[in-house]
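Participant:
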Amino acid sequence: MPQTAAVISGIQRMVLYETRARYFLVGSNHAQTKHRVLKIDRTEPKDLVIIDDKHVYSQQEVRELLSRLDLGNRTKMGQKGSSGLSRAVSAFGIVGFVRFLEGYYIVLITKRRKMADIGGHSIYKIEDTTMIYIPNDSVRVSHPDEARYVRIFQNVDLSSNFYFSYSYDLSHSLQYNLTLLQRPYELWSAAPPLTKEEEHTQGKQDSFDIFEDEGLPTQVVYGLQNEPYYKYVWNGKLLERIKDIVHPDWLMYIIHGFCGQSKLLIYGRPVHITLIARRSSKFAGTRFLKRGANCEGDVANEVETEQIVHDASVMSFTAGSYSSYVQVRGSVPLYWSQDISTMMPKPPIRLDQADPYANIAALHFDQMLQRFGSPIIILNLVKKREKRKHEKILSEELYPAVINLNQFLPPDHRIDYIAWDMARYTKSKLCNVLDRLSMIAENVVKRTGFFINRSDFYCHTLRPDDRWRDVGGSVASTGRLQTGVLRTNCVDCLDRTNTAQFMVGKCALAYQLYALGMIDKPKLQFDTDCVRLFEELYEDHGDTLSLQYGGSQLVHRVKTYRKIAPWTQHSKDIMQTLSRYYSNAFSDADRQDAINLFLQVYQPSEGKAHLWELPTDFYLHQRSTMALQPNRHSYTFWWSEGVLSYLPVPYDEVACENTMKTIKVRRMNQFDESVDIYTEFFKPYELTSFDDTFCIAMTNSAREFMPKSVGVDPSPFTVRKPEETGKSVLGKSSKEETILQRKTAASAPPPPSEEAMSSTSEDDSEEDRDDEGSVSQRSTPIKLLTESGESGRTQEEVQLQQAMKEPYGRILAECPAEEDLLIYERFAHLGENQHTVEKTERINLANIICLEPVSHFKDDSIYVVSLPQVDRGSHEMFVSHVMTGHGQVRALCREDMLMYREYVKNRYM
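Given below as structure tokens:
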């Protein structure tokens, strides 16, 4: 059966060349075997004129083209030093084209860094960008407010948590991407053939097949390229102007949020845990300026978090084992806001518009039914009991809205509503918050299930567990699908929400590892290397999202709710609260203007009020306030057409006529570079260093969390004491004990990659570069027992003791005795004399050392060895072992039974 594969972008590197009349953007694949050229006109002062000739050039053809352009654009023929074609900048992708009041700008990615790898598909983080003005200075029409718009646009820091991939659709979940590849062959066999133009652009290299002349059948691969989910795309509007003009390889969509990956080593078997957070570009903004929902059902601070677990020993999507679980956070889907003019830490909540028929909530949950299926489970963490009504206002409006919508849904697909006052439980000394969250998480995961791409797992048969029978979701021939999603919210959707999502993710991780055959039961304990790694990943995820929306890191963490946080954490929480208040009061308005301009919610033009002159951006995000809606949404049949007929499976993942329109299919050769993920990932055509690879720099459970002492259980699922972890700092210190922080292999900042070397931007300071490069820095404490009188040790001695720690697992407290050193020197002298073949003088061994036979060999040296005699008992044991291998097992004696019973007792009881 022909296979299907995702199409890899043919443009991963690009160089911008400049003449007085045009910009020439030359893009190529990573191997630089195929090139495309984009011509951008610089003589138009306010219009964007782009020409894509649709031709695929070879490397030699591109060189000839550039030399002709250089020669044709010189001011005088043959004049030296006056090149008509100059190289402006090297880049790795186009963010988009934007115009304010003058001409267009092009935004290019000049520096990138690899952050994760999923099935051979690399995910990169934008490290630096450049913004280039396209029109020539001779035709430029200046405007006094242009510079201010440029500054506002650049307030969106593209080097902060923006991600892209050349071969993996980051806007969709892993479940969507893999189910798309697993659809039946009949759906793709009817794909239309390539047009003459497409055949020409594909080039001769694509259609070359060494078996074609032999009459052997060629393996056909269907290359799939689907439309992104624009809700999570942040540069969709910036690429809209050229979307229908240029080849799709020029279009690269970026997401905003978080991406992190760590390696879990299970007795040497690598398992990658990836966390991807996609922030919605609809109704996006800062904390107090974006609350509730807009008229289209898009809510503020909506983030889709996906955790992916896969066996890294097998890379392929088809042959490997992949599992994922998705959950969502977002503001309460109502018309509500908070007045920040009062300068209060907690401004009062007010409901802006009455919505008796829950129209806004209906639009929001309709989107969720299409993307996630059913059931939709709401976990509402806002407060229930307050002296003065504040958060309770939201619960009193949300619950009736859910009741109103549920009366029109079938009973099997109704929205579940769970209200739990997490803040009140935290203050109680009798209640354990995380135990309650664990019960909720267990119930949620059993209802929604999780995604796994393999159906031939027998873990529940070999190691049966009663909890596995109750796991929900949809079971198909290709594996198991997650149907439905958990939607968590508090007021800000930051601190409480992140802890609740961590507990749900921890429960789902246990089921994922159990389904992959990594653990014997779907349960994970705290204080294990696995959970510590996962908790650190989630805290980085929470800090990043909190900085983007709230202006500070998390105030309350998982350790806070476990009540094991150190006493210094309280002062840190106070500082984070002050930082969040300062950001909300003084800098959020500027950040909101930058987001509105970047997402093109506001587009400046002549005769229109400037962005900074608008008293509010309410009318920019609420389209219904500017015009009457032509089609009113039904209050009873509030879901989209066709959604209910496929539930609980999400409508977006069903192979129906509407969803198939978003997918482009191409018949390709299996050796085509556009579908060869092996060559894309391993890059056999270039020289690489093993120490520079991404898998070495990423967080490693064995290196970062496993204790460094000898004799401990290396399993990442073993519960450890706080002082046993590789990351804990030993608290007790005295004059006789000093703690030396030793950097591990990942501690050193990553070496400069070719991306960093090719960047032309020098705006980043050294401190910024150090901070960016320290993502995977870890340090491990080592305790040196030193006496007070030995403080004057040389650095060489300390380094020698550290070096002995690695192979022997021990650190010498003091130097060896003089007698031992004398014996070692004589032994070394003896070894030197034994390796000397030509002996000029006779050596008297008695003068060197008194040799005593310590070996069981009669004659033992580097020149000759006589084998010792083996006793009868050892010989019989060896013969019995060999016979057992041939299937002839001797009868067990009483000693054997006692030995086996002792083994079982120590191992399993």
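In my numbering, the protein residues as written are 1205 to 2113. Here a beta-carbon is modelled for each residue, glycine too, at the ideal position from N, C-alpha and C.
1. When the Cα atoms are used, what is the spatial distance from threonine 1748 to glutamine 1757?
2. So what does DSSP say about phenylalanine 1462, is it helix, strand or coil?
3. Would you kindly report the start and end of the unbroken alpha helix (DSSP H) that includes phenylalanine 1357?
4. Tell me whether glycine 1935 is buried or exposed, calling it buried when 16 or more other Cβ atoms sit within 10 Å of its Cβ.
5. Please report the residue range of the beta strand (DSSP E) in which lysine 2128 lies.
6. So what does DSSP say about tyrosine 1372, is it helix, strand or coil?
7. With a 10 Å radius around its C-beta and 16 neighbouring C-beta atoms as the bar for buried, classify lysine 1238 as buried or exposed.
8. Output the distance between the C-alpha atoms of valine 1606 and isoleucine 1544, rounded to the nearest integer angstrom.
9. Is the beta carbon of glutamine 1716 closer than 7 angstroms to that of serine 1849?
10. Applying the criterion that 16 or more other CB atoms from any shown protein chain within 10 Å of the CB defines a buried residue, is cysteine 1663 buried or exposed?
11. Measure the alpha-carbon distance for serine 1642 versus histidine 1760 and round it to whole angstroms.
12. Which whole runs of the alpha helix (DSSP H) in the segment 1597–1627 are 4 residues long or more, in chain order?
13. Who are the near neighbours of proline 1249 in its chain, counting only those whose CB is closer than 7 angstroms to its CB and skipping five residues on each side?
14. With a CB to CB cut of under 7 angstroms and the five nearest residues on each side skipped, what residues in its chain are close to glycine 1677?
15. Between Met2103, Leu2102, Phe2082, which has its C-alpha nearest valine 2093's C-alpha?
16. Quick check on this structure: which residue in Ala1719, Met1910, Cys1697 has the alpha carbon closest to the alpha carbon of asparagine 1584?
17. Measure from the alpha carbon of aspartate 1349 to the alpha carbon of each residue in Pro1819, Val1679, Val1230, Leu1815, then state which is nearest.
18. Work out the CA separation of threonine 1509 and tyrosine 1882 for me, nearest whole Å.
19. Can you tell me which of Ser1578, Thr2088, Leu1493 puts its alpha carbon nearest to the alpha carbon of arginine 1795?
20. Should tyrosine 1855 be labelled buried (16 or more other beta-carbon atoms within 10 Å of its own) or exposed?
21. The ligand MN and serine 1375: does the residue's C-beta get closer than 6 angstroms to at least one heavy atom of that ligand?
22. Grab me the residues of methionine 1707's own chain with a C-beta within less than 7 angstroms of its C-beta, minus the 5 sequence neighbours each way, in chain order.
23. For serine 1369, I'd like the list of residues in its chain whose CB is within less than 8 angstroms of its CB, leaving aside the five on either flank, ordered along the chain.
24. Can you grab the Cα-Cα spacing for the pair glutamine 1465 / histidine 1514, in whole Å?
25. Going by other Cβ atoms of all chains shown within 10 Å of its Cβ, with 16 needed for buried, is glutamate 1506 buried or exposed?
26. Would you say alanine 1859 and arginine 1387 are within 7 angstroms of each other, going by their C-beta atoms?
27. Specify the secondary structure class of glutamate 1176 as computed by DSSP and reduced to three states.
28. Hey, how far is the Cα of lysine 1767 from the Cα of threonine 1630?
29. With DSSP collapsed to three states, give me the class of proline 1474.
30. Which first and last residues belong to the beta strand (DSSP E) in which tyrosine 1227 is found?
31. Per the DSSP calculation, methionine 1335 is bridged to which residue(s)?
32. In this structure, how does DSSP classify phenylalanine 1521 when only helix, strand and coil are distinguished?
33. Count the other CB atoms within 10 Å of the CB of glutamine 2073; is the residue buried (16 or more) or exposed (fewer)?
34. Please classify glycine 1440: does DSSP put it in a helix, a strand, or coil?
35. With H, G and I counted as helix, E and B as strand and the rest as coil, what does DSSP make of glutamate 1243?
36. Less than 7 angstroms between the C-beta atoms of histidine 1347 and leucine 1305, yes or no?
Facilitator: The short version:
1. Residue numbering aside, residue 1748 sits at position 544 when the sequence shown is read from its first letter. Residue numbering aside, residue 1757 sits at position 553 when the sequence shown is read from its first letter. Their Cα atoms are separated by approximately 7 angstroms.
2. Against the sequence shown, residue 1462 aligns to sequence position 258. Phenylalanine 1462: strand per DSSP, three-state reduction.
3. On the sequence shown, position 153 is the one that residue 1357 refers to. Start and end: 1350–1357.
4. Along the sequence shown, read from residue 1 onward, the residue named residue 1935 stands at position 731. Low confidence applies here, because glycine 1935 scores a pLDDT of 37, under 50, leaving its location unreliable; read the following figure in that light. Glycine 1935 should be labelled exposed.
5. The structure shown has nothing for residue 2128, since the chain only spans 1205 to 2113.
6. On the sequence shown, residue 1372 is found 168 positions in, with the first residue counted as 1. Coil.
7. Here residue 1238 refers to the residue found at position 34 of the sequence shown. Classification for lysine 1238: buried.
8. Residue 1606 sits at position 402 when you count from the first residue of the sequence shown. Residue 1544 sits at position 340 when you count from the first residue of the sequence shown. If I take the Cα positions, the gap works out to 29 angstroms.
9. Counting from 1 along the sequence shown, the entry for residue 1849 is found at position 645. Counting from 1 along the sequence shown, the entry for residue 1716 is found at position 512. Going by C-beta atoms, serine 1849 is not nearer than 7 angstroms to glutamine 1716.
10. Your numbering for residue 1663 matches position 459 in the sequence shown. When all chains shown are included, cysteine 1663 counts as buried.
11. Reading the sequence shown from its first residue, position 438 is the one you call residue 1642. Reading the sequence shown from its first residue, position 556 is the one you call residue 1760. Using only the alpha carbons, I get a separation of about 18 angstroms.
12. Whole alpha helix (DSSP H) segments, 4+ residues: zero.
13. For this step, residue 1249 is matched to residue 45 along the sequence shown. Only Gly1307, Pro1339, Val1343, Arg1344, Val1345 meet the Cβ criterion.
14. Taking the sequence shown and counting its residues from 1, the one referred to as residue 1677 is at position 473. Here the set comprises Thr1652, Gly1653, Phe1654, Arg1684, Leu1685, Gln1686, Thr1687.
15. On the sequence shown, residue 2093 is found 889 positions in, with the first residue counted as 1. Of Met2103, Leu2102, Phe2082, the residue nearest in Cα terms is Phe2082.
16. As a working note, residue 1584 is residue 380 in the sequence shown. With distances taken between Cα atoms, asparagine 1584 lies closest to Cys1697.
17. Counting from 1 along the sequence shown, the entry for residue 1349 is found at position 145. The shortest C-alpha separation from aspartate 1349 is found at Leu1815.
18. Indexing the sequence shown from 1 puts residue 1882 at position 678. Indexing the sequence shown from 1 puts residue 1509 at position 305. Computed Cα separation, rounded: 28 angstroms.
19. Here residue 1795 is taken as the residue at index 591 of the sequence shown, counted from 1. Checking every option, the nearest Cα to that of arginine 1795 belongs to Leu1493.
20. Walking along the sequence shown from the start, residue 1855 turns up at place 651. Tyrosine 1855 comes out buried.
21. Among the components of this structure there are no ligands whatsoever, and the ligand MN is therefore not found.
22. Position 503 of the sequence shown, counted from the start, is the residue given in the question as residue 1707. Excluding sequence neighbours, methionine 1707 sits near Leu1638, Leu1641, Ser1642, Ala1645.
23. One-based indexing of the sequence shown puts residue 1369 at position 165. Only His1325, Ser1326, Ile1327, Tyr1328 meet the Cβ criterion.
24. In the sequence shown, counting from the first residue as 1, residue 1465 sits at position 261. In the sequence shown, counting from the first residue as 1, residue 1514 sits at position 310. For glutamine 1465 and histidine 1514, the distance between alpha carbons rounds to 11 angstroms.
25. In the sequence shown, residue 1506 corresponds to position 302, counting from 1. By the 10 Å Cβ count, glutamate 1506 comes out buried.
26. Numbered from 1 along the sequence shown, position 655 holds the residue referred to as residue 1859. Numbered from 1 along the sequence shown, position 183 holds the residue referred to as residue 1387. Contact: yes.
27. Outside the displayed span of the chain (1205 to 2113) sits residue 1176, for which this structure offers no information.
28. As a working note, residue 1767 is residue 563 in the sequence shown. As a working note, residue 1630 is residue 426 in the sequence shown. If I take the Cα positions, the gap works out to 9 angstroms.
29. The residue labelled residue 1474 in the question sits at position 270 within the sequence shown. DSSP, reduced to helix, strand and coil, places proline 1474 within a strand of the structure shown.
30. In the sequence shown, the residue the question calls residue 1227 occupies position 23. Here the beta strand (DSSP E) through tyrosine 1227 covers 1226–1232.
31. As a first step, residue 1335 is located in the sequence shown; it is residue number 131 there, counting from the start. Paired residue(s): Val1311.
32. One-based indexing of the sequence shown puts residue 1521 at position 317. Three-state result, phenylalanine 1521: coil.
33. Stepping through the sequence shown from its first residue, residue 2073 is reached at position 869. Label assigned to glutamine 2073: exposed.
34. Reading the sequence shown from its first residue, position 236 is the one you call residue 1440. Reduced to three states, the DSSP call for glycine 1440 is helix.
35. Residue mapping note: residue 1243 aligns to position 39 of the sequence shown, counting from 1. According to the sequence provided, residue 1243 is lysine. The question's glutamate does not apply to it. DSSP places lysine 1243 in strand when its eight states are reduced to three.
36. Against the sequence shown, residue 1347 aligns to sequence position 143. Against the sequence shown, residue 1305 aligns to sequence position 101. Result yes, Cβ atoms of histidine 1347 and leucine 1305 sit closer than 7 angstroms.
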